[in-house]
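Colleague: Chains as they are written, first to last, in my numbering: chain A, 4 to 446; chain B, 198 to 1006.
1. Do residue 250(A) and residue 219(A) have their C-beta atoms closer together than 8 Å?
2. Quick one: using the 10 Å Cβ neighbour count with 16 as the cut-off for buried, is residue 722(B) buried or exposed?
3. Write down the C-beta distance between residue 325(A) and residue 198(A) rounded to the nearest angstrom, noting that I regard them as a contact closer than 8 Å.
4. Where in the stretch 948-994 of chain B do unbroken runs of the beta strand (DSSP E), each at least 3 residues long, occur, reported from the N-terminal end onward?
5. Taking the alpha helix (DSSP H) that residue 762(B) falls in, what are its first and last residues?
6. Counting only Cβ-Cβ distances shorter than 7 Å, please list the residues of the stretch 258-276 of chain B near chain A, keeping chain order.
7. Would you list, in chain order, the members of the stretch 272-301 of chain B that have their beta-carbon closer than 8 Å to a beta-carbon of chain A?
8. Take every Cβ of the stretch 863-870 of chain B, pair it with every Cβ of the stretch 803-816 of chain B, and state whether three or more of those distances are shorter than 8 Å.
9. With a cut-off of 8 Å on the beta carbons, I'd call residue 302(A) and residue 274(A) a contact; round off their distance for me.
10. Considering only the beta carbon of each residue, do residue 396(A) and residue 408(A) sit closer than 8 Å?
11. In or out: residue 308(B) buried (at least 16 other Cβ within 10 Å) or exposed?
12. Can you list, in chain order, the stretches of the alpha helix (DSSP H) that have 4 or more residues and sit fully within the stretch 276-328 of chain B?
13. Interface residues of chain A around residue 355(B) at Cβ under 8 Å?
14. Would you call the stretch 363-381 of chain B and the stretch 108-118 of chain A touching, i.e. three or more CB-CB distances under 8 Å?
15. Is any beta-carbon of chain B found at less than 8 Å from that of residue 350(A)?
16. Between residue 930(B) and residue 739(B), what straight-line distance do the alpha-carbon atoms span, to the nearest angstrom?
17. Can a CB atom of chain B be found closer than 8 Å to the CB of residue 327(A)?
18. Tell me the DSSP secondary structure of residue 376(B) in three-state form.
19. Run through DSSP, which three-state label would residue 295(A) get?
20. Assuming residue 288(B) contacts residue 272(B) (C-beta within less than 8 Å), just tell me the rounded distance between them.
21. Taking 8 Å as the limit between beta carbons, can you name the residues of its chain near residue 211(B), skipping five residues before and five after?
22. Under 9 Å between beta-carbons, which chain A residues line up against residue 359(B)? List them in chain order, please.
23. Short of 6 Å in beta carbon distance, which residues of its chain neighbour residue 153(A), apart from the five on each side in sequence? Order them along the chain.
24. Excluding the 5 residues preceding and the 5 following residue 782(B) in the sequence, name in chain order all residues of the same chain whose CB lies nearer than 7 Å to its CB.
25. Rounding to the nearest angstrom, what Cα-Cα distance links residue 419(A) and residue 366(A) in this structure?
26. When the cut-off is 8 Å and only beta carbons count, does residue 586(B) lie next to chain A?
27. Is there a C-beta anywhere in chain B that falls below 8 Å from the one on residue 318(A)?
28. Just the C-alpha distance for residue 635(B) and residue 557(B), rounded to the nearest angstrom, thanks.
29. For the beta strand (DSSP E) that residue 932(B) lies in, which residues bound it at each end?
30. Going along chain B, which residues have a C-beta under 7 Å from residue 252(A)?
31. Helix, strand or coil for residue 122(A)? Go by DSSP, reduced to three states.
32. Given this structure, state the Cα-to-Cα distance separating residue 19(A) from residue 209(A), to the nearest angstrom.
33. Would you tell me roughly how many angstroms separate the C-alpha atoms of residue 911(B) and residue 791(B), rounded to the nearest one?
34. Quick check: what's the CA-CA separation for residue 93(A) versus residue 417(B)?
35. From the DSSP secondary-structure annotation, give me the bridge partner or partners of residue 223(A).
36. Per DSSP, residue 695(B) is paired with what?
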């Protein structure tokens, strides 16, 4: 594996170099404004050890910490495949948080930097990535991506190498409730157990009882199947029809047809963007009297889902789970500064509407804040001590809410059932929150 | 001893010469035979090499295709993502996986770094580092080694190679199965220039006749197809044996003859020797020897002559060679395609029966002729160019493309043919073997199709209506001239294009089309507007007819539209005029009704007060005043009746009653009941026959009968007036007639009597208002019918009321 190191002399340059990395990346991706910061002549943009497909992507990677004098945080997520937008949303949250920490003088007198690894949704790549990231002595924790199946398969190596794993998106229940003691996984995100309960609660609230489910045949899909069926059973119900599909499945249409033939009132969808788009498009192709409303887990919000679905988005009644939205009227001061910082940092954003996949960004930001607090608390970057400090963290005032104790030893999920809400894509494909009563009005 | 010495001398002189001559003949014969056989074998090997290369190419493509299909299986993709499937289903899948070739060895699925995930068998000989650079970029890897054939295909998700599937086949088994070879045949396979498989144990290249070809789809592979010279030349060797045998036998015969001859005499022997020497010198085996002497010498000469004959027929023993040629000839003759062979100059050297059939020439007329004899003038130049190109082409081993030409039949007609050319080497140099297929019937069919299409288009174009044929995706497949004129573009510009390019309201039409296709029922007479850029807004009456193919699947729709813009405008104008007329009529009727109604009130007052004057103040009135008042009362009462009749008359149209089914017989009976007093007073008899059931207003129907029957009674001076009501039915109307034996009406008044207030008699003769028949006519017209009268004064009258059978209100 080849790695080019950033040849940077002092702390400020470290910050600059990595800002340049993503600013360059974004100016290449499509922003018209030029980079705002001066480019240090000594800074090199590291090449990835992974096969790099285009020059745009190249600048997104920093494959190794620039120096042992920094504190490194790893990101192991899909950065180039079907859910790349989720990876980018998480990366932006991390960048914003790290930028803020570094501006205040870093942690324990050291700068913080981000090391990127692309697993493309492939657990085998993921496991390799964890091993490589963990091999950097100054790396203190690894932030994961959207894919529960990847994270589930990484659990063994995470606990073998004892490296704290921070989950901003992947929602699988067994990812956190994993049976390891001590548990190195900490999550600020949805827990499928709650998501299943929440989805069922909402559809019953909308007056539907003939419920069908379509899920991906992965650990995440199974985690949701369990949660949804339990939630239905608690109400004396069971799914009228249930269909599984594979990644890359070409027969999704016929599976959806079987659901429609089962005379349902609503379909629950557990999928990532690519296959989710197939489901929604196939639904839109039905004649209007057969089209069913779809209530979805949030996996579909991980990529350029509105682009994949196109016109069909308007024809299907689609809502999905979210935890947070910056498109509320009652933003806190902290949220408003965050939105401003986001627009300042990323040239493709002018307002909160431009924050795509906002949950990924918000959760990642939240996790870096908590990690920083834990490092300050234990005054160490030792992974075991940081893990313990995360569990001991108390009264944390975060971006999206206040946490009494985010990660008590027996419960490493910081968010609860009450943090869940529903959202939908508006005409421009932007995720907008749905008021609790709106679904009633829609009916 | 003397005999012996003579014998020896003769032997020493004759035998070596005989040997030399015979050996010479043998060598020449052998050389020619070898050359012909080698040439034929060379052609055969080249043909086999081509077949092998094509077959192998297809087979290898098939192997690669099956590997690609495997890599697209979503179980493989999902198993990368889902560990539980990877650990269980994927392993089971792979353990049961067999690709359909007996040479199949194993399949191995590896992760993105080449580490094994699953396989059909345990260990593997893959060298992942060789294919990883390719497969991780999403490309395939293909390799043939001495041991195995390796095909590696990336497993892609979202355009990213996340794993790979390596399929292995046993090289030896694969080639051995695919290419069964006879003894003396050899196949050598080279991959990227190196030998990877040889069907023969030895790779010695001498002793073989070979032909090499590169595979088209897999150019890295070359094959060399060979036949062993030794076996191929077996027939030549047999010939050698025969010739040598003949030589030995001949020598032996000479030896015997010499020995025998020397036993008899020296002289005849000398003669013989001389003659033999002469033969030898002339090298002419057709000459015979002639020896004078004893019968033994004659016999010897005979033997010698036979020997020479035997020698001369040695060539006959080339029979086997001819048999071989005959077989080839039979094959050529038996071919269904015409075959013609020419030398380099285009001279015809070979022809088969099918070719004779195609061109109508017997072969003896063609052999030796130039091939151009068979080519029609139109394509002669092209052919000459083709032939010249063919020979000049650097790669003459390639089969020339199949090209179409016109040949010329013996009867002078042109024969369309398709020709495939193969280079061949004849005994006297290179040439061409052409396979000729008569494509007359195909060409005929194409012309017929073209003619039919043209004819259909002519028919369509001659229609004044717009005709458009659309497919299910709203493309305009065919249009006629009227349609293209309306659209404002040529047929070529329209056909195949989408409807939206020409019609602003294409979406609405398309929805109608879909509806018609769904219902599978034609929809006729849709009146709609069409807006095009060229013609603006036009009104059309459109018929839409769904079209299905022979299996009943919908394939499109025929739209026939008639431009009714002018008709529409005329209709609108007419409707407006009608509307105006109706309004003015309505106003008039309203006026008449109101007027008659309002006139009654003052009249009632005149009547009432006149009557009061007569009744209450008669004592105060003079007789004249009383008479005048009576006239006023009488006049006002008559006027009241007049007004009431007028009111009734105007009410006929004014009343807006619904038409119902009425039994005319019942209506006539009701009228008779109403008139029962008058009938009784006048001693009249009224008969009613069977009458139809009609649609109309019951009260008016009764009034009609009542007026006509009353007239029959009133205008009647007979002691026993007779009235008859009867009917007659025709296809489109009922005719109800009322006849009487009354005073009759002069024909000149027949029209006049139906006018309002038209009377023919003085009031004193026949009282009445003169409105009764006007009411009858109005009622008949309201039923959509008419009324007329047949009458002769003094004989009686018959009123005929015609009512259409399908009358609607």
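All C-beta atoms, glycine included, are put in the ideal place defined by N, C-alpha and C.
Modeller: With the structure as the only source:
1. yes
2. exposed
3. Not really, about 11 Å apart at Cβ, beyond 8 Å.
4. If we require 3 residues or more, the beta strand (DSSP E) runs fully inside the stretch 948-994 of chain B come out as 983-989.
5. 762-813
6. 271, 272, 274 and 275
7. 272, 274, 275, 277, 278, 279, 280, 281 and 282
8. The stretch 863-870 of chain B is not in contact with the stretch 803-816 of chain B.
9. 6 Å
10. yes
11. buried
12. Taking only runs of at least 4 residues, the alpha helix (DSSP H) segments lying wholly in the stretch 276-328 of chain B are 280-284 and 286-293.
13. 84, 85, 123, 124 and 277
14. no
15. Judged by the 8 Å Cβ criterion, residue 350(A) is not in contact with chain B.
16. 34 Å
17. no
18. coil
19. coil
20. Actually they are not in contact, since the Cβ atoms of residue 288(B) and residue 272(B) sit about 11 Å apart, beyond 8 Å.
21. Short of 8 Å from the beta carbon of residue 211(B), and not among the five residues preceding or following it, lie these beta carbons of its own chain, in chain order: 451, 455, 470 and 473.
22. The contacting residues are 84, 123, 124, 125, 127 and 128.
23. 122, 126 and 129
24. none
25. 13 Å
26. No, because no Cβ of chain A sits closer than 8 Å to the Cβ of residue 586(B).
27. no
28. The C-alpha of residue 635(B) lies about 12 Å from the C-alpha of residue 557(B).
29. 930-937
30. 271
31. coil
32. Caution is warranted here: a pLDDT of 42 is assigned to residue 19(A), below 50, making its placement in the model unreliable, and no coordinate value can be reported.
33. 31 Å
34. 47 Å
35. Its beta-bridge partners do not exist; DSSP assigns none.
36. 672(B)
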